[in-house]
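First comes the structure, then the notes that go with it.
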Amino acid sequence: MRHLKIKQFEESFFRVIMFLSTLLIVLTLFLIIFTILYKGLPSLSWEMISQVPKGGFYFGKEGGILNAIIGSLYLSFGATIIAMIISLPVALFINIHLVKRKKLVNAIRFILDLLWGVPSIVYGAFGFAVMIYFGLRTSLLAGMITLTFLIIPIMIRSMDEVLKTIPIGLMEASLSLGSTRSETAYKIFFKQSLPGIITAILLSFGRAIGDAASVLFTTGYTDNIPTSISQPAATLPLSIFFQLTSPIPEVQNRAYASAIVLTFIILLISISSRFLFNKFNKHNIKS
Amino acid sequence: MKITLISRNSKDKFHFTWMTICLIIILFLPLLLGIGLYLKSKLLLDSTSVFDILFSKEWSPIEGKFGMLPFINSSLWVTIIAILIAGPICLFSAIHLTQYAKKSFLNFMHPIIDILSGIPSVVYGVWGILIIVPLVSKYIGPFFGKETTGYSILSGSIVLAVMITPFILNILIDIFQTIPKELQEASLSLGATKWQTIKKVILKKALPGIISAITLGISRAFGETMAVMMVVGNVTKLKYGVFQPGYPLPALIANNYGEMMSIPMYDSALMFAAFILFAIVLLFNFASRLLIIKYEREIK
Numbered sequence: 067m068r069h070l071k072i073k074q075f076e077e078s079f080f081r082v083i084m085f086l087s088t089l090l091i092v093l094t095l096f097l098i099i100f101t102i103l104y105k106g107l108p109s110l111s112w113e114m115i116s117q118v119p120k121g122g123f124y125f126g127k128e129g130g131i132l133n134a135i136i137g138s139l140y141l142s143f144g145a146t147i148i149a150m151i152i153s154l155p156v157a158l159f160i161n162i163h164l165v166k167r168k169k170l171v172n173a174i175r176f177i178l179d180l181l182w183g184v185p186s187i188v189y190g191a192f193g194f195a196v197m198i199y200f201g202l203r204t205s206l207l208a209g210m211i212t213l214t215f216l217i218i219p220i221m222i223r224s225m226d227e228v229l230k231t232i233p234i235g236l237m238e239a240s241l242s243l244g245s246t247r248s249e250t251a252y253k254i255f256f257k258q259s260l261p262g263i264i265t266a267i268l269l270s271f272g273r274a275i276g277d278a279a280s281v282l283f284t285t286g287y288t289d290n291i292p293t294s295i296s297q298p299a300a301t302l303p304l305s306i307f308f309q310l311t312s313p314i315p316e317v318q319n320r321a322y323a324s325a326i327v328l329t330f331i332i333l334l335i336s337i338s339s340r341f342l343f344n345k346f347n348k349h350n351i352k353s
Numbered sequence: 005m006k007i008t009l010i011s012r013n014s015k016d017k018f019h020f021t022w023m024t025i026c027l028i029i030i031l032f033l034p035l036l037l038g039i040g041l042y043l044k045s046k047l048l049l050d051s052t053s054v055f056d057i058l059f060s061k062e063w064s065p066i067e068g069k070f071g072m073l074p075f076i077n078s079s080l081w082v083t084i085i086a087i088l089i090a091g092p093i094c095l096f097s098a099i100h101l102t103q104y105a106k107k108s109f110l111n112f113m114h115p116i117i118d119i120l121s122g123i124p125s126v127v128y129g130v131w132g133i134l135i136i137v138p139l140v141s142k143y144i145g146p147f148f149g150k151e152t153t154g155y156s157i158l159s160g161s162i163v164l165a166v167m168i169t170p171f172i173l174n175i176l177i178d179i180f181q182t183i184p185k186e187l188q189e190a191s192l193s194l195g196a197t198k199w200q201t202i203k204k205v206i207l208k209k210a211l212p213g214i215i216s217a218i219t220l221g222i223s224r225a226f227g228e229t230m231a232v233m234m235v236v237g238n239v240t241k242l243k244y245g246v247f248q249p250g251y252p253l254p255a256l257i258a259n260n261y262g263e264m265m266s267i268p269m270y271d272s273a274l275m276f277a278a279f280i281l282f283a284i285v286l287l288f289n290f291a292s293r294l295l296i297i298k299y300e301r302e303i304k
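Here the protein sequences line up with chains A and B, keeping their order.
Going by the working numbering, the letters in the first sequence line up with residues 67 to 353, in that order.
Going by the working numbering, the letters in the second sequence line up with residues 5 to 304, in that order.
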């Protein structure tokens, strides 16, 4: 009887621990969001997100971080578009042309998963080496290329996960009606999985805009808004980082406010992708 | 009719070619990364032996000494402590979410995990400076009777632990969900309690999966740069300890990129640091992915 009691105690003990672990994770998220909001909101102003840094900005004078917001958006848009041009065909190719060759497809997925795991600082160093090799200078273009390397595996694998779920009957039906494989790919599979593909693209965009280590050496930094892709650009994560290393409290406070801006952009992307997915996924053929 | 057919066929050919080219580029990317970084670090490797670089403590770029032991050491410490914190929490939470919690609670957790994994690493760094660094210097340090500025290995590990939690938790939840329900039902019907079933059946069955989730977490933690760099102190000292500042490999690369341009050997050393990171992360990823694939095959 006592033996049983101990057992019951053990179970309830671990249940409490397990519940607390989960609670800890949830609380940590709220703590992070609360901390950033609490510290950053007082310094967040319209001026900050609508102006570029003026003289003495890094000493606590007037100006804002518009250069970094625009720079980050340019950079991530560019990288996402280049990555899309490469990723979409690969994802479709794996799921349509190679669908019968299971072993090859699994090997490709394996390599993509490996690439996904490569740290962004390694891509940064590699991108820097490539940049020097081609004689480029730190610029939007060099940053875009580096970021493209980083997000391609993410994009292909997320698209692949969606395309994988499309019933093979759909492909067979399309092919038997006389359409070519590429027509099946772009006109049937692409349309059928469009919500998922958009989610994959938004996910990659969010990853691109938040990443700092990979663009640290390739994008440079400037107080101006770039007007061409051969100019350097500021990015939001780096702008936060630089403002935070300043000893002046006003500048540090602005770093917290900039962190709100970055977090807000990323949350917006993540929420809208979820919304879009739920809204449009209803109309699809399910297996 | 014929013309449209020809144009359709050539379109198909065009798409096929482009798809193949893209796929080949992607598949060669890991090789390209490895070769590129190796070629850049060759300058250093030609003058100093690998053994000297990896196991020498002396780091002084001006004198041409590039011992990376302090950095490798810091990286290992930060990663190991982060895993020791995040691993058990994720495991407990994953069991709770998949075995005990209601479905609606799991649905509530999914966006939470998503958001946690979406927060950029710089924001984690900001949070670390605001909360974790003071926490370590004011409470945790004094509690153990140590004086610390807070910018320490421990702070880096805690921030890192929070960052890899959503990553590990996601994989663990997947793994626990793939375990067939019949197995649990068989165990329960034999009179085992829920907890006994979890301990003796589920955890045992899921062990390879759990190990690979942790390994993936390690490789993720090993390469994380910005957040760790912001709280870890970035000083190389001969003194070791969790309350001492550290200087992990990724931070070394990120911090010195401006200065190294003038000394080719310095540049080469940092590229070698990137190469080490790449090699280690790839190795860990490789092993754990293989383990996961094997595990999934066995379960099915």
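All C-beta atoms, glycine included, are put in the ideal place defined by N, C-alpha and C.
Please read all numbers here as calculations on a predicted model, not as lab measurements.
Extent of the continuous alpha helix (DSSP H) run through residue i
{"i": "F290/B", "result": "P268 to I303"}
{"i": "A196/B", "result": "No alpha helix (DSSP H) holds A196/B; DSSP gives it neither H nor E."}
{"i": "S142/A", "result": "L132 to I162"}
{"i": "M210/A", "result": "L206 to L229"}
{"i": "F177/A", "result": "Residue identity differs from the one stated: residue 177/A is Ile in this sequence, not Phe. Its alpha helix (DSSP H) spans residues K168 to G183."}
{"i": "K61/B", "result": "Note, K61/B: premise wrong, no alpha helix (DSSP H); not H, not E."}
{"i": "L176/B", "result": "I157 to T182"}
{"i": "F283/A", "result": "No alpha helix (DSSP H) holds F283/A; DSSP gives it neither H nor E."}
{"i": "D118/B", "result": "K107 to G122"}
{"i": "E238/A", "result": "I234 to S242"}
{"i": "V235/B", "result": "M230 to V235"}
{"i": "G227/B", "result": "L207 to G227"}
{"i": "S186/A", "result": "S186 to Y199"}
{"i": "Y252/A", "result": "Y252/A -> no alpha helix (DSSP H), and no H or E assigned at all."}
Distance, residue j Cα to residue i Cα
{"i": "W112/A", "j": "P119/A", "result": "13 angstroms"}
{"i": "E228/B", "j": "W199/B", "result": "36 angstroms"}
{"i": "R301/B", "j": "N174/B", "result": "19 angstroms"}
{"i": "L158/B", "j": "V137/B", "result": "9 angstroms"}
{"i": "F283/A", "j": "L134/B", "result": "27 angstroms"}
{"i": "T116/B", "j": "Y199/A", "result": "Going by the sequence as given, residue 116/B is Ile instead of Thr. Going from the Cα of I116/B to the Cα of Y199/A covers about 42 angstroms."}
{"i": "G213/B", "j": "T197/B", "result": "23 angstroms"}
{"i": "F226/B", "j": "V285/B", "result": "7 angstroms"}
{"i": "L229/A", "j": "V239/B", "result": "48 angstroms"}
{"i": "L95/A", "j": "M113/B", "result": "11 angstroms"}
{"i": "N289/B", "j": "M23/B", "result": "27 angstroms"}
{"i": "I119/B", "j": "P170/B", "result": "9 angstroms"}
{"i": "V192/A", "j": "Q309/A", "result": "Sequence inspection shows Phe at residue 192/A; the Val mentioned does not correspond to that position. For F192/A and Q309/A, the distance between alpha carbons rounds to 27 angstroms."}
{"i": "E76/A", "j": "P108/A", "result": "48 angstroms"}
{"i": "A98/B", "j": "I72/A", "result": "24 angstroms"}
{"i": "I232/A", "j": "I215/B", "result": "32 angstroms"}
{"i": "T285/A", "j": "S270/A", "result": "19 angstroms"}
{"i": "L33/B", "j": "S224/A", "result": "18 angstroms"}
{"i": "P254/B", "j": "S280/A", "result": "11 angstroms"}
{"i": "L281/B", "j": "G190/A", "result": "12 angstroms"}
{"i": "P1/B", "j": "V236/B", "result": "Within the shown structure, residues of chain B are numbered from 5 to 304, placing residue 1/B beyond reach of any answer."}
{"i": "I222/B", "j": "L80/B", "result": "10 angstroms"}
Other residues of its chain near residue i: CB distance less than 6 angstroms, five sequence neighbours each side excluded
{"i": "I218/B", "result": "G91"}
{"i": "K308/B", "result": "Lying outside 5 to 304, the shown extent of chain B, residue 308/B is not represented and no answer is given."}
{"i": "Q188/B", "result": "T201"}
Contact set for residue i: own chain, Cβ-Cβ below 8 angstroms, skip 5 residues either direction
{"i": "I332/A", "result": "G272, I275 and G276"}
{"i": "F343/A", "result": "P261, G262, I264 and T265"}
Same chain, Cβ closer than 7 angstroms to residue i, neighbours up to 5 away in sequence not counted
{"i": "S336/A", "result": "G272"}
{"i": "I148/A", "result": "M210 and T214"}
{"i": "A291/B", "result": "T219"}
Practice prompt. Kindly confirm or deny that the stretch 257-266 of chain A and the stretch 178-190 of chain A touch, where touching means at least three C-beta pairs closer than 8 angstroms.
Written response: With a cut-off of 8 angstroms on Cβ pairs, the stretch 257-266 of chain A is not in contact with the stretch 178-190 of chain A, counting fewer than three such pairs.
- Task: Decide if the stretch 96-103 of chain B is in contact with the stretch 303-319 of chain A; the criterion is three or more beta carbon pairs, one per stretch, under 8 angstroms apart.
- Result: Flag = no, the stretch 96-103 of chain B and the stretch 303-319 of chain A do not touch.
### Query
Name the residues in the stretch 276-300 of chain A whose C-beta lies less than 8 angstroms from a C-beta of chain B; which are they?
Flagged, chain order: G276, D277, A278, A279, L282 and F283.
Item to complete: Using a Cβ-Cβ cut-off of less than 8 angstroms, list which residues of the stretch 309-331 of chain A approach chain B; keep chain order.
Response: Cβ contacts with chain B: L310, A321, Y322, A325, L328 and T329.
| message | Which residues of the stretch 111-141 of chain B have a Cβ closer than 9 angstroms to any Cβ of chain A? Give them in chain order. | response | Considering only beta carbons, the part of the stretch 111-141 of chain B lying closer than 9 angstroms to chain A consists of F112, M113, P115, I116, I117, D118, I119, L120, G122, I123, P124, S125, V126, V127, Y128, G129, V130, W131, I133, L134 and I135, in chain order.
- Query: In the stretch 182-206 of chain B, which residues sit with their C-beta less than 8 angstroms from some C-beta in chain A, listed in chain order?
  - Reply: Of all residues in the stretch 182-206 of chain B, only T197, K198, W199 and Q200 come within less than 8 angstroms of chain A when Cβ atoms are compared, listed by chain position.
With 9 angstroms as the limit, tell me which residues of the stretch 201-226 of chain A have their beta carbon closer than that to any beta carbon of chain B; keep them in chain order.
Correct list: F215, I218, P219 and I222.
Determine contact between the stretch 156-169 of chain A and the stretch 10-29 of chain B, defined as no fewer than three beta-carbon pairs at a distance below 8 angstroms. As far as the Cβ criterion goes, the stretch 156-169 of chain A touches the stretch 10-29 of chain B, which means the pair count is three or higher.
In the stretch 224-258 of chain B, which residues sit with their C-beta less than 8 angstroms from some C-beta in chain A, listed in chain order? Within the stretch 224-258 of chain B, the residues whose Cβ lies closer than 8 angstroms to some Cβ of chain A are R224, F226, G227, E228, T229, M230, M234, P254, I257 and A258, listed in chain order.
Worksheet item: When Cβ atoms are compared, which residues of the stretch 230-250 of chain A fall closer than 9 angstroms to chain B?
Response: Legend: CB atoms of the stretch 230-250 of chain A lying less than 9 angstroms from CB atoms of chain B belong to residues S245, T246, R247, S248 and E249.
task: Could you list the residues in the stretch 77-88 of chain A with a C-beta less than 7 angstroms from some C-beta on chain B, going in chain order?
output: Taken in chain order, the members of the stretch 77-88 of chain A whose beta-carbon sits within less than 7 angstroms of a beta-carbon on chain B are E77, F80, R81, I83, M84, F85, S87 and T88.
Count the CB pairs spanning the stretch 205-224 of chain A and the stretch 281-301 of chain A that are closer than 8 angstroms, and state whether there are at least three.
The stretch 205-224 of chain A vs the stretch 281-301 of chain A: in contact.
Quiz item: Of all the residues that make up the stretch 251-264 of chain A, which are near chain B by a beta-carbon distance shorter than 8 angstroms?
Solution: Per Cβ criterion, the list reads A251 and Y252.
Item to check | Contact residues within the stretch 94-107 of chain B, judged by C-beta distance below 7 angstroms to chain A | outcome: For the stretch 94-107 of chain B, the set of positions with a beta-carbon nearer than 7 angstroms to some beta-carbon of chain A reads F96, S97, I99, H100, L101 and Y104 in chain order.
Output needed in chain order: residues of the stretch 41-57 of chain B with a Cβ under 9 angstroms from some Cβ in chain A. Listed by position along the chain: L41, L43 and K44.
Closer than 9 angstroms, Cβ to any Cβ of chain A: which residues of the stretch 156-186 of chain B, in chain order? Correct list: V166, T169, P170 and L173.
> In chain order, what residues of the stretch 99-125 of chain A put their CB closer than 8 angstroms to some CB of chain B?
Replying inline: Interface annotation for the stretch 99-125 of chain A against chain B: T101, I102 and K105, criterion Cβ-Cβ distance under 8 angstroms.
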